[in-house]
Each structure stands twice: as C-alpha cells, then as structure tokens.
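The block underneath contains the structure these notes are about, expressed in structure tokens.
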Amino acid sequence: LAKTTQPISMDSYEGQEVNITCSHNNIATNDYITWYQQFPSQGPRFIIQGYKTKVTNEVASLFIPADRKSSTLSLPRVSLSDTAVYYCLVGGSARQLTFGSGTQLTVLP
Amino acid sequence: DSGVTQTPKHLITATGQRVTLRCSPRSGDLSVYWYQQSLDQGLQFLIQYYNGEERAKGNILERFSAQQFPDLHSELNLSSLELGDSALYFCASSVRDNPGLPTYEQYFGPGTRLTVT
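These protein sequence lines map, in sequence, to chains A and B. Residue 87 in this note's numbering sits at position 87 of the first sequence, with consecutive numbering throughout. Residue 84 in this note's numbering sits at position 84 of the second sequence, with consecutive numbering throughout.
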C-alpha cells in the first residue's frame, strides 16, 4: 500500500476554504485516493474518493494532479463542526483500510 | 447515522477475561470489517469477512477471533484480555468485495469502547 504524508495539524477560521494536501509518491497505477473524516470517539466517515483530475460532491472537492503523486482535499466555507481528523488513504483493490496519523483540522470562530 | 450498529457501547472488564463485541452491518452490505483504535497505535485493521467467509487479516492477535453469521452480523471475540487491549473497536461494512474495484467506501459503526482494568 502506498505510504501517505499529510500535515499533522491545521487551523482555519469559520467561513474559509480549507485545503489539506496529501503526498503519495509511490502511488500505483490502479490505486484510488480516498479521504475520511473522524470526530472524537466516532467511527471514520467516508468523504470523497477519486482517481484523477477533480471530483466534487456535496461535502468536498478532491484535486488530483496529472502525476497523481499528491492530492488535495478542499472543504469550502468550513464551520466549527468541521473540526475533526482527516485521513488520506491510497490503495487499489486491497480490502483493508490503512489509516495514517491524519490531519487534525481545528476551525476557530 | 451510518446504518451500522454495534453493541455494547461500553464494556469494562478485568484482565484475563473474555468479551464478545457485536456488529450488524448496513442492510445489503455483505462485507464486515473490524478495526481497533488506541491512542498509541491509531486506527488499525483487524479482520474482514465477506458473506460469512474470512477474506483478509490485518494486525489481529491470536487471542482475538471473529466470525460472520448467516444473517451477516459479526462478532469479535477477545480473550485473555490485557490492559493494552483497552481501545475503541469499530466495525465497518461495505457492499462490494470485488478485486479490481475500489472498496474504500466503508461505513463505520459508533464503536465499542473496551476498558480492561
């Protein structure tokens, strides 16, 4: 499974757009990029998944450059309730999820 | 609400004891996954079942075992408990288990917090 690197923590203010970047230099051809969100003492929640270019859903956008060695999760207009840990996962058909340390996002008023 | 249910929510037991954690997947999901989350180890995959059969094993100790029943609910059995087994145990489920297709959209339950004293 590809190793991922993401910032340990980030701070933002309410109403701002937040971009969290994940590096995955050894991503394989058939690997997908997936992001999860986890609140304290709750199970992770699937946010978005993509393979290349850009994916957007009602919660976030995922930007993947052509070389796919990194990806950026974009959260538009964050609120206090977006304070959570965000995990970047990279893999293909492997059935297990391998979580790294994640990025602790703190949204300030 | 993910649709995955786990019982009990909290469990306090003593070292050396045995406990069983239960998980009911979302309706229609055939795959069940178990994860352990502790402060020092983070979130770790333990084991996966698909339609009653074991499909993948992660960092699961020999003292731990799991099974998935015909109604698709799953149980995780933890025996000879040690203080270090204190953690949050999550169950997740997903629909697909098709090699070659991404199966990374998993739905997690609320977890069972196990405290071993």
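Glycine residues also receive a C-beta, built at the ideal position from the N, C-alpha and C atoms. Keep in mind that this is a model prediction, so the values were computed, not measured.
message: Let me see if you follow: with CB-CB separation under 8 angstroms, is residue 49 of chain A close to chain B or not?
response: Interface residue, yes.
message: Any contact between the segment 65-73 of chain A and the segment 8-16 of chain A? By contact I mean 3 or more CB pairs, one from each, below 8 angstroms.
response: Cβ pair count under 8 angstroms is below three, so no.
- prompt: What separation, rounded to the nearest whole angstrom, lies between the Cα atoms of residue 85 of chain B and residue 14 of chain B?
  reply: Rounded to the nearest angstrom, the two C-alpha atoms are 11 angstroms apart.
- request: Could you list which residues in chain A have their beta carbon closer than 9 angstroms to that of residue 105 of chain B, in chain order?
  value: Neighbours of residue 105 of chain B in chain A, taken as residues whose beta carbon is under 9 angstroms from its own, are 34, 46 and 49 in chain order.
field: Other residues of its chain near residue 70 of chain B: CB distance less than 7 angstroms, five sequence neighbours each side excluded
entry: Its chain contains 52 as the residues whose beta carbon lies nearer than 7 angstroms to that of residue 70 of chain B, once the 5 sequence neighbours on both sides are disregarded; these appear in chain order.
message: If you follow the beta strand (DSSP E) that residue 113 of chain B is in, where does it begin and where does it stop?
response: Counting along the chain, the beta strand (DSSP E) containing residue 113 of chain B begins and ends at 112-116.
query: Across which residues does DSSP place residue 28 of chain A in a beta bridge pair?
result: In DSSP, residue 28 of chain A forms no bridge with anything.
field: Nearest-angstrom Cα separation, counted from residue 25 of chain B out to residue 78 of chain A
entry: Taking the Cα positions, residue 78 of chain A is about 31 angstroms away from residue 25 of chain B.
field: First and last residue of the uninterrupted beta strand (DSSP E) at residue 54 of chain A
entry: Membership of residue 54 of chain A in the beta strand (DSSP E) is indicated by the continuous run 53-56.
message: Between residue 45 of chain B and chain A, is the shortest Cβ-Cβ distance under 8 angstroms, so that the two count as touching?
response: Taking Cβ atoms only, chain A reaches closer than 8 angstroms to residue 45 of chain B, which makes this a yes.
message: Classify residue 48 of chain B: buried if its beta carbon has 16 or more other beta carbons within 10 angstroms, exposed otherwise.
response: Residue environment for residue 48 of chain B: buried (at least 16 other C-beta atoms within 10 angstroms of its C-beta).
field: Assumed close pair residue 17 of chain A, residue 74 of chain A - CB separation to whole angstroms, cut-off 8 angstroms
entry: About 6 angstroms; that satisfies the 8 angstroms criterion.
message: Beta carbons nearer than 9 angstroms to chain A: which residues of the segment 81-92 of chain B have them?
response: Within the segment 81-92 of chain B, the qualifying residues are 88, 90, 91 and 92.
CA-to-CA distance, residue 100 of chain A to residue 100 of chain B, given in whole angstroms: Bear in mind that the predicted position of residue 100 of chain B carries a pLDDT of just 49, short of 50, making it unreliable; the figure below should be weighed with that in mind. Their Cα atoms are separated by approximately 23 angstroms.
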